[in-house]
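K.L.:
If you read the sequences in order, they're chains F and W. Going from the first sequence to my numbering is simple: count from 1 and add 266. Going from the second sequence to my numbering is simple: count from 1 and add 39. The beta carbon of each residue, even a glycine, is placed where N, CA and C say it ideally should be.
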Amino acid sequence: MAEEAGLLRERVAGRPKLLVPQIAGFVYCPGCGQPLVARAIAEVLEELEMGDRAIGVFGIGCNSFLLGMLDIDGVVGPHGRPPDIATAIKHVYPDRLVFTIQGDGDLLSIGADPLLGALTRAEKITLIMLNNSVYGTTGGQMAPTSLLGQRTTTTPEGRDPAKAGFPVHAAELMATFKGVAYSARGACNNPYNYQQVRRYLKTAFQKQMEGVGLTFVEVLSACPSNWRMSPLDSLKWIEGRVIPEFPLGEFKNVDRVE
Amino acid sequence: MFIEGNEAIAHGAALADCQAFFGYPITPQNEITEWFAREFPRMGRIFVQSQSELGSINMVYGAAAAGVRAMTSTSGPGWSLMQETMSSMANAELPCVVVNVQRGGPGGGTIRHAQQDYLQCTRGGGHGDYRNIVLAPASPQECCDLTQLAFYLADKYRNPVVVLLDAIIGRLREVVELRKLDFGPLPDKDWAVRGKGEHKDGRRRIVEHSSDLFGRDPNYLALLRRLSQKIRQMQESEVRYEDYEAAEARVILVAFGYTARVAKEAVNRARAEGIKAGLLRPITLWPFPYEVIKEKARQGCRFLVVEDSLGQMVEDVKFAVEGRAEVHLVSVLDRHIPTDGGMIFPDRVLDEIRKLERG
Numbered sequence: 267m268a269e270e271a272g273l274l275r276e277r278v279a280g281r282p283k284l285l286v287p288q289i290a291g292f293v294y295c296p297g298c299g300q301p302l303v304a305r306a307i308a309e310v311l312e313e314l315e316m317g318d319r320a321i322g323v324f325g326i327g328c329n330s331f332l333l334g335m336l337d338i339d340g341v342v343g344p345h346g347r348p349p350d351i352a353t354a355i356k357h358v359y360p361d362r363l364v365f366t367i368q369g370d371g372d373l374l375s376i377g378a379d380p381l382l383g384a385l386t387r388a389e390k391i392t393l394i395m396l397n398n399s400v401y402g403t404t405g406g407q408m409a410p411t412s413l414l415g416q417r418t419t420t421t422p423e424g425r426d427p428a429k430a431g432f433p434v435h436a437a438e439l440m441a442t443f444k445g446v447a448y449s450a451r452g453a454c455n456n457p458y459n460y461q462q463v464r465r466y467l468k469t470a471f472q473k474q475m476e477g478v479g480l481t482f483v484e485v486l487s488a489c490p491s492n493w494r495m496s497p498l499d500s501l502k503w504i505e506g507r508v509i510p511e512f513p514l515g516e517f518k519n520v521d522r523v524e
Numbered sequence: 040m041f042i043e044g045n046e047a048i049a050h051g052a053a054l055a056d057c058q059a060f061f062g063y064p065i066t067p068q069n070e071i072t073e074w075f076a077r078e079f080p081r082m083g084r085i086f087v088q089s090q091s092e093l094g095s096i097n098m099v100y101g102a103a104a105a106g107v108r109a110m111t112s113t114s115g116p117g118w119s120l121m122q123e124t125m126s127s128m129a130n131a132e133l134p135c136v137v138v139n140v141q142r143g144g145p146g147g148g149t150i151r152h153a154q155q156d157y158l159q160c161t162r163g164g165g166h167g168d169y170r171n172i173v174l175a176p177a178s179p180q181e182c183c184d185l186t187q188l189a190f191y192l193a194d195k196y197r198n199p200v201v202v203l204l205d206a207i208i209g210r211l212r213e214v215v216e217l218r219k220l221d222f223g224p225l226p227d228k229d230w231a232v233r234g235k236g237e238h239k240d241g242r243r244r245i246v247e248h249s250s251d252l253f254g255r256d257p258n259y260l261a262l263l264r265r266l267s268q269k270i271r272q273m274q275e276s277e278v279r280y281e282d283y284e285a286a287e288a289r290v291i292l293v294a295f296g297y298t299a300r301v302a303k304e305a306v307n308r309a310r311a312e313g314i315k316a317g318l319l320r321p322i323t324l325w326p327f328p329y330e331v332i333k334e335k336a337r338q339g340c341r342f343l344v345v346e347d348s349l350g351q352m353v354e355d356v357k358f359a360v361e362g363r364a365e366v367h368l369v370s371v372l373d374r375h376i377p378t379d380g381g382m383i384f385p386d387r388v389l390d391e392i393r394k395l396e397r398g
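(1) Return the residues of the stretch 348-361 of chain F that lie within a Cβ-Cβ distance of less than 8 Å from chain W, sorted by chain order.
(2) Quick one: what does DSSP say D56 of chain W is sitting in, helix, strand or coil?
(3) P179 of chain W and L211 of chain W look like a contact to me (Cβ under 8 Å); what is the Cβ gap, rounded to whole Å?
(4) Could you name the residues of chain F that M110 of chain W contacts, counting a contact when the two beta carbons are closer than 7 Å?
(5) Counting Cβ pairs, one atom from each stretch, are 3 or more of them under 8 Å apart for the stretch 302-310 of chain W and the stretch 251-271 of chain W?
(6) For A320 of chain F, return the contacting residues in chain W, with the cut-off set at a CB-CB distance below 7 Å.
(7) Per the DSSP calculation, Q141 of chain W is bridged to which residue(s)?
(8) So which of W:V278, W:I48 and W:M128 has the shortest CA-CA distance to S249 of chain W?
(9) In the stretch 378-401 of chain F, which residues sit with their C-beta less than 8 Å from some C-beta in chain W, listed in chain order?
(10) At 4 residues or longer, what runs of the alpha helix (DSSP H) sit wholly inside the stretch 426-483 of chain F?
(11) So, helix, strand or coil for T392 of chain F, using DSSP?
(12) Pull up the distance between the alpha-carbon of N97 of chain W and that of L263 of chain W, whole angstroms please.
(13) For chain F, is any of its Cβ atoms less than 8 Å away from the one on S127 of chain W?
(14) What residues of chain W sit near D339 of chain F, judged by a beta carbon separation below 7 Å?
(15) Any beta carbon of chain F sitting closer than 8 Å to that of I383 of chain W?
(16) Starting from the beta carbon of G148 of chain W, find every residue of chain F whose beta carbon is closer than 8 Å, and list them in chain order.
(17) Looking at the unbroken alpha helix (DSSP H) that takes in D372 of chain F, where does it start and where does it end?
(18) What first and last residue would you give for the alpha helix (DSSP H) that runs through Q187 of chain W?
(19) Note down, in chain order, all residues in the stretch 83-95 of chain W with a beta-carbon under 7 Å from any beta-carbon belonging to chain F.
(20) Would you give the residue range spanned by the beta strand (DSSP E) that P321 of chain W belongs to?
(21) Within 8 Å (strictly less), CB to CB, does L166 of chain W reach chain F?
(22) For a contact meaning CB atoms closer than 8 Å, what does H248 of chain W contact in chain F?
(23) Taking only the alpha-carbon atoms, compute the straight-line gap between E524 of chain F and I376 of chain F and give it to the nearest angstrom.
(24) What residue range is occupied by the uninterrupted beta strand (DSSP E) comprising V366 of chain W?
(25) Exposed or buried, T378 of chain W, counting other C-beta atoms within 10 Å across all chains shown (16 or more means buried)?
(26) Can you give me the Cβ contacts of F222 of chain W inside the same chain, cut-off strictly under 6 Å, excluding the 5 residues immediately before and after it?
(27) To which residues of the same chain is G424 of chain F closer than 8 Å at the C-beta, ignoring the five residues directly before and after it?
(28) Contact between the stretch 443-456 of chain F and the stretch 501-521 of chain F is defined here as three or more beta-carbon pairs at a separation below 8 Å; is this criterion met?
(29) Using a 10 Å radius around the Cβ and a threshold of 16 neighbouring Cβ atoms, would you call S330 of chain F buried or exposed?
(30) May I ask you to list, following chain order, the residues of the stretch 97-123 of chain W that have a beta carbon less than 9 Å from some beta carbon of chain F?
(31) Can you list, in chain order, the residues of the stretch 54-71 of chain W whose Cβ is nearer than 9 Å to any Cβ on chain F?
(32) Just confirm the distance between the C-beta atoms of F443 of chain F and L385 of chain F, as a whole number of angstroms; I'd bet it's less than 8 Å.
(33) Provide the residue(s) that pair with M110 of chain W in DSSP beta bridges, ordered along the chain.
(34) Between the stretch 96-110 of chain W and the stretch 342-349 of chain F, do three or more beta carbon pairs fall short of 8 Å?
(35) Is there a Cβ of chain W sitting closer than 8 Å to that of G317 of chain F, yes or no?
(36) For R279 of chain W, which of W:I245, W:T298 and W:T323 has the nearest alpha-carbon?
So, in structure tokens, the structure goes:
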């Protein structure tokens, strides 16, 4: 359904110029939600006319490959470190749009140290987190965002809170930090939600360029391969199971941090 | 200017047009971080206190990817934390300068002086096949000068360069001439990310640390061949050492950092007694001056390594002599008192020289 919506959109709205042609060497599994996020970012950058002044920093995991899709300057560094790398780039070029793309494991687990550092210092960067509730590239292990009861390769009987704790709510967490100007959670599971994600990204980028504070966007993303589901069932899973745990919306939106 | 080694490092970085410093508190290098916190904002340059040494080195990664000269400084435990990213920077071919003011390990060890990070620094330190150029100053003046050289070499080879000192050189106060050194022109950093619109060819730039994710190399072996070529080029062109009275010497001391100063004093006293002793002081710990040591071994010299560790550089000296010469060691166990405040003193080294002379 998401792909159909994407194709339809391409017929109606055209293909964003910032999307690299990907006929050969397309690395994503069928039904993966991540390429849609690349498309949303490309559309928003074009709308804001920031493609020439944007620098993306990518984590380790399936999200790394998004750099292959976006025709902008980009950096890939060690696992979990994009907020540190983006911090430095933004200090060097305060007038550029600097954003990160990380998976839930990259940002919330191994990357907790740079995340907390950037939040504490209220860096004027945008963090984008793709939440598919598993470690995708490595074969579907439990992530901080895995749902209770969710079967993964490291929780074969389902995530048990007594052993493995509870899902982490990133967008709500970011909103508690004083240095955060904006925090929202969207999903790419249907055209309406896709439009919301675009709006969230646009606001996050604008607030960064206005120098308000750190901005954060979480996007719920399907991972049919590791969820052991068809692409269509994955979209139904997001609607029926993931969104009830991770509600969509804006959790913070201020014009001045204090 | 009458300053200590740590401050001289900072002055050297400023003279070398370093634009960004990222640091985290750790003894015995805090004077460096505090200098940048105080001076860099006044100069319109970047200082960020990171949340950890992982943060420091990854900020260096970012600033280097953005095309400016960047550095951090740390000591043992922080140096260990940085190694994953050092390895990534070698792969991504990002230039940077990392200062390690050595304290004693392993683990928390002691916050006082030692020379125990030699092997970790000279063998790369992180995972995979790469090397850092390692410069070892033995005075505050050299701290200032070699830091400038470090930035030049980092840019020349697009590779991390380490300035390795010990807490004694870091806290040693001497007169330093703050002179700006010119090493010649370097190519533009056309590979750096600045935003696509900044590039004359209008094409995007990608900085990454995997072999073939975005087609930088045709395959993994191509990456290793490129790194291997770079390592060989550094070995051929960048070996530096000081020769002190070594020409006619029969006993050759090998030492770096503070123990080189101790060794020099021991050489002077030995010479006063008529013993033909000399000192070879590696200034680049990597690439190591194997050839000159090998040559001295061929001439029948005996070797005495003086280092404030259980014996790390001594392995390189043994490697260089290829079994042709005796190699002896004065180590951390030979300090004048058996505490973290103890030092290797010239008397102890002189005793050993006398034994070798009689030998």
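P.N.:
With the structure as the only source:
(1) D350, I351, A352, T353, A354, I355, H357, V358 and Y359
(2) coil
(3) 6 Å
(4) Chain F residues near M110 of chain W: none, gap ~12 Å exceeds 7 Å.
(5) no
(6) G234
(7) W:D205
(8) W:M128
(9) D379, P380, L382, G383, T386 and R387
(10) 427-430, 436-441 and 457-475
(11) strand
(12) 23 Å
(13) yes
(14) V232, R233, G234, K235, R243 and R244
(15) no
(16) Per Cβ cutoff of 8 Å: no residues; G148 of chain W is ~23 Å from chain F at best.
(17) D370 to L374
(18) P179 to Y196
(19) I85, V87, S89, Q90, S91, L93 and G94
(20) A316 to P321
(21) A small fix is needed here, since residue 166 of chain W is His in this sequence, not Leu. No, H166 of chain W does not count as interfacial toward chain F.
(22) V342, G343 and P344
(23) 29 Å
(24) V366 to V369
(25) exposed
(26) Y191
(27) L414, G415, Q416 and R417
(28) yes
(29) buried
(30) N97, M98, V99, Y100, G101, A102, A103, A104, A105, G106, V107, A109 and E123
(31) Q58, A59 and F61
(32) 5 Å
(33) W:F60 and W:V136
(34) yes
(35) yes
(36) W:T323
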